[in-house]
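Structure, as structure tokens:
2 protein chains.
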Amino acid sequence: MAGLNDRKQKILQAVVTDYIQTAEPVGSRAISRRYKLDLSAATIRNEMADLEELGFLTQPHTSAGRIPSQQGYRFYVDALMGPPSLSRQEEAYLANVFTQLQKMREIDQIVQQTAKVLSVLTSYTSLVLGPQFRHSTFKQMRLVPLDEEKALVVLITSTGHIKHRVINLPQALSSQELSQIVSYLNEQLAGQTIEGLSATRLRQLRSDLYARIELLSQLLLLLEESSTDGEGRVFLGGTSNILNQPEFKDVEKVKHLLTLFEEGSRLSFVLETSLAGVSIRIGTENVITEMSDCSLVTATYQLSNRPVGAIGVLGPTRMEYSRVITIIEHIASHLNFVVQD
Amino acid sequence: MAGLNDRKQKILQAVVTDYIQTAEPVGSRAISRRYKLDLSAATIRNEMADLEELGFLTQPHTSAGRIPSQQGYRFYVDALMGPPSLSRQEEAYLANVFTQLQKMREIDQIVQQTAKVLSVLTSYTSLVLGPQFRHSTFKQMRLVPLDEEKALVVLITSTGHIKHRVINLPQALSSQELSQIVSYLNEQLAGQTIEGLSATRLRQLRSDLYARIELLSQLLLLLEESSTDGEGRVFLGGTSNILNQPEFKDVEKVKHLLTLFEEGSRLSFVLETSLAGVSIRIGTENVITEMSDCSLVTATYQLSNRPVGAIGVLGPTRMEYSRVITIIEHIASHLNFVVQD
DNA sequence: CTTTAGCACTCATAAATAGAGAGTGCTAAA
DNA sequence: TTTAGCACTCTCTATTTATGAGTGCTAAAG
Chain A
710 MAGLNDRKQK ILQAVVTDYI QTAEPVGSRA ISRRYKLDLS AATIRNEMAD LEELGFLTQP
770 HTSAGRIPSQ QGYRFYVDAL MGPPSLSRQE EAYLANVFTQ LQKMREIDQI VQQTAKVLSV
830 LTSYTSLVLG PQFRHSTFKQ MRLVPLDEEK ALVVLITSTG HIKHRVINLP QALSSQELSQ
890 IVSYLNEQLA GQTIEGLSAT RLRQLRSDLY ARIELLSQLL LLLEESSTDG EGRVFLGGTS
950 NILNQPEFKD VEKVKHLLTL FEEGSRLSFV LETSLAGVSI RIGTENVITE MSDCSLVTAT
1010 YQLSNRPVGA IGVLGPTRME YSRVITIIEH IASHLNFVVQ D
Chain B
710 MAGLNDRKQK ILQAVVTDYI QTAEPVGSRA ISRRYKLDLS AATIRNEMAD LEELGFLTQP
770 HTSAGRIPSQ QGYRFYVDAL MGPPSLSRQE EAYLANVFTQ LQKMREIDQI VQQTAKVLSV
830 LTSYTSLVLG PQFRHSTFKQ MRLVPLDEEK ALVVLITSTG HIKHRVINLP QALSSQELSQ
890 IVSYLNEQLA GQTIEGLSAT RLRQLRSDLY ARIELLSQLL LLLEESSTDG EGRVFLGGTS
950 NILNQPEFKD VEKVKHLLTL FEEGSRLSFV LETSLAGVSI RIGTENVITE MSDCSLVTAT
1010 YQLSNRPVGA IGVLGPTRME YSRVITIIEH IASHLNFVVQ D
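Which chain is which? The protein sequence lines are A and B, in order.
Be aware that the first sequence starts at 710, since it is given in my numbering, and climbs by one per residue.
Be aware that the second sequence starts at 710, since it is given in my numbering, and climbs by one per residue.
Printed below as a string of structure tokens:
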């Protein structure tokens, strides 16, 4: 890409750093004062004009300072960004959080809490996609009789994920027949991925056992829902944080984002399609148009070496990238240990 | 309370109705034009001055129209409010929604969907408190062995609510001993309310079975959490709707509410403490200070004739009360039928 | 050739001023 | 008791007028 000489890079870095902090267009004088580049304002002015022409900076209006363009941020993130840093307190806070998380048993709780922590630490909005189990495989199905009419079906995956439902028992079935059906299903389905329990496969089973159709359809419904179902739930944290950003002082701007936050499926799509590792999408690099004024930093977390979920931080393009990245890496990697249940 | 003569009531009603629609202070002329009270603007002016002195109206500034005071809204809601009305389409929409809800099995889904519907219909923000099971009684506990090391504990309440968890089995225990423990617990706890499983009671059991302490503590943990635990989860719908209200065009105003929306426990408290039936809290009648510019209309829904949850709509004090009340009653009562699982 | 000082110019933002309009309260007549 | 008339208040909008930060360009200095 661009062959920015050393000086241009330093200046660009200064502009981005300053703008991230102040949210105000930064002028040539401000830079020559605040950053010890040993250059006069005039020189910096010239370089900034160049940087603008190259597409790394923009001017809100003719006689204002410069602000980084999307391309400017991109270059900053790829090449200039300073080393990460967390304060002592933050480290301590994180450590404390993780011991808390360890204690929690309910996956929802863990995810929810993670979202909260992520937003508190970054002061942006956080998105957390709970673990996806559709890639895990069918382990077994159990039927626990509750009374004469009802029973509890328990579906267990290889990853230990459990789903249950109460179903009605047809009176006619003896308990023996019941256990036959269940063990038949267990045989047939063992080792299949949940995702792979496609409708056609299930339909075939259905015809195999057509005599027991009523009971069976209830069982199958549970399975079917497990494969499609709303596992992709996204938990949000710090949604009100965006209101602290000066770029969202206008209510109209916020409205689009807020509305987006209510559309779980679109959010989960964004997170599901993030690559393994940390990914950074700046401005219009985001597919979702509502996010085109924002940057989204995401990371996936693993479960037995397979990515099963993702966490993300959404803020203005003027985001404290290095800080956010550090935090998100930290949390994602620890989540690997916590989510083993 | 106040002995408002007929004419004053009519005028107050006109002011409130108009203000609810327009969100603009309403003047004497506007009323004499728009409402056929056959009175001149001057007369209305006099009456409005009286109404202000009596505390039902306020003036934003000396030469502006009047807007209803909190007391004004209260009187309107108690005495003046017009009859409810829903359009054909809305009725149809509702009917359709209910058939959809009937099909859903997962309680979370139902609650979530209800929140959404409520917010779409009212165009305010909706709060839905999922069914509370702490008043229901312990029915039975089951242990489903998964493999040699692990087992699934299933806790079932009289209302059919189910909670499960995987626990580790101490190697030393024979399956016979296991079932002994479980049946002992079943005996001891049968019929107790979940809430009543207080720490002391559980501690006593713990000492009874101190020999099996390791296993037991896992079981008891599940119970304990069931009695305290986050059952009081509140689902929100249409949070971005508040941004459409002109009274929240200022970001600062919104921020407080948005932040409140992230504090689940406070929200659930509000809903838990609402009376059976429909309740309307206007402005500072709300205990939560962040809501003092809002009105909250809530209704509880039943399960076997006992209130177990609540739904609510939060909007500006300038709310379409009669409309909201109709909708909320409608939905709450239907929820009674849907939530029987 | 690069850097810097100097200077005119641009443009947003803020403060000051002037009208316009909506609505009131009061008085006096119907 | 009601209504018409009128002066008065106060917000809101538009216009004007500074102010000042920051630029681009030119010409001199290194």
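Think of the CB as a built atom: it goes at the ideal place given N, C-alpha and C, for glycine as much as any other residue.
All values derive from a computational prediction rather than experimental measurement.
Distance from the CA atom of Ala723/B to the CA atom of Glu971/A, rounded to whole angstroms, is 36 Å. Contacts with chain B at 8 Å (Cβ-Cβ) do not include Lys812/A. When C-alpha distances from Tyr833/B are compared across Ser949/B, Ala985/B, Gln889/B and Leu976/B, the shortest belongs to Ser949/B. DSSP lists Arg990/A and Leu1023/A as the bridge partner or partners of Leu1005/A. Per DSSP, Asn1014/A lies in no beta strand (DSSP E) and is assigned neither H nor E.
With the rule of 3 Cβ pairs closer than 8 Å, the stretch 991-1009 of chain B counts as touching the stretch 1018-1038 of chain B. By the neighbour-count criterion, in which a residue is buried when 16 or more other Cβ atoms sit within 10 angstroms of its Cβ, Pro1016/B is buried. Ile729/A carries a helical assignment under DSSP once its states are collapsed to helix, strand and coil.
Take Arg942/A, set aside five residues on each side of it, and the residues of its chain with a beta-carbon closer than 6 Å to its own are Gly839, in chain order. Taking 7 Å as the cut-off between beta carbons, the residues of the stretch 962-975 of chain B near chain A are Val963, Lys964, Leu967, Thr968 and Glu971, in sequence order. Going by C-alpha positions, Asn805/A is about 13 Å away from Val1047/A. In this structure, the straight-line span from the alpha carbon of Gly712/A to that of Leu763/A is close to 10 Å.
As computed with DSSP, His873/A is found in a beta bridge with Val863/A.
Contact residues of the stretch 1023-1049 of chain A toward chain B are absent (C-beta to C-beta distance below 7 Å). Phe944/B places its beta carbon less than 8 Å from that of Ala824/B. Around the C-beta of Ala1019/A, 16 or more other C-beta atoms lie within 10 Å, and the residue is accordingly described as buried.
Taking CB atoms only, Ile871/B has a neighbour in chain A less than 8 Å away. Rounded to the nearest angstrom, the gap between the Cα atoms of Pro777/B and Ser737/B is 14 Å. Here Phe807/B carries a helix assignment [DSSP, helix/strand/coil]. Lys958/A reaches chain B at Val960, counting residues in chain order whose Cβ is nearer than 8 Å. For Gln849/A, the three-state secondary structure derived from DSSP is strand. In this structure the stretch 860-869 of chain A touches the stretch 849-868 of chain B; the number of beta carbon pairs closer than 8 Å is three or more. Contact with chain A is found for Thr948/B, since one of that chain's Cβ atoms lies less than 8 Å from the residue's Cβ. Setting aside the 5 residues that flank it on each side, Arg874/B is surrounded in the same chain by Val862 and Leu931, each with a C-beta closer than 7 Å to its C-beta; the list follows chain order. Between Ile865/A and chain B, the shortest Cβ-Cβ separation is below 8 Å. In the structure shown, Leu898/A falls within a helical segment according to DSSP collapsed to helix, strand and coil. Minimum Cα-Cα distance from Gln880/A among the listed residues Pro854/A, Asn895/A, Gln901/A and Glu896/A corresponds to Pro854/A. In this structure, DSSP gives Pro955/A a helical state, which the three-state scheme calls helix. Residue pairing for Ser835/A: DSSP places it in a beta bridge opposite Gly946/A and Val1022/A. DSSP lists no bridge partner for Pro734/B. Between His770/B and the set Asp787/B, Pro734/B, Ala751/B and Asp747/B, the nearest pair of CA atoms involves Pro734/B.
In the DSSP assignment, Met757/A falls within the unbroken alpha helix (DSSP H) covering Ala750 to Leu763.
Look at the stretch 834-866 of chain B: the residues with a C-beta under 7 Å from a C-beta of chain A are Arg851, Val853, Leu855, Leu861, Val863 and Ile865. For the options Thr998/B, Asp817/B and Ser888/B, the alpha carbon positioned closest to that of Arg851/B is the one of Ser888/B. Secondary structure of Ile997/A (DSSP, three-state): coil. Contacts with chain B at 8 Å (Cβ-Cβ) do not include Val724/A.
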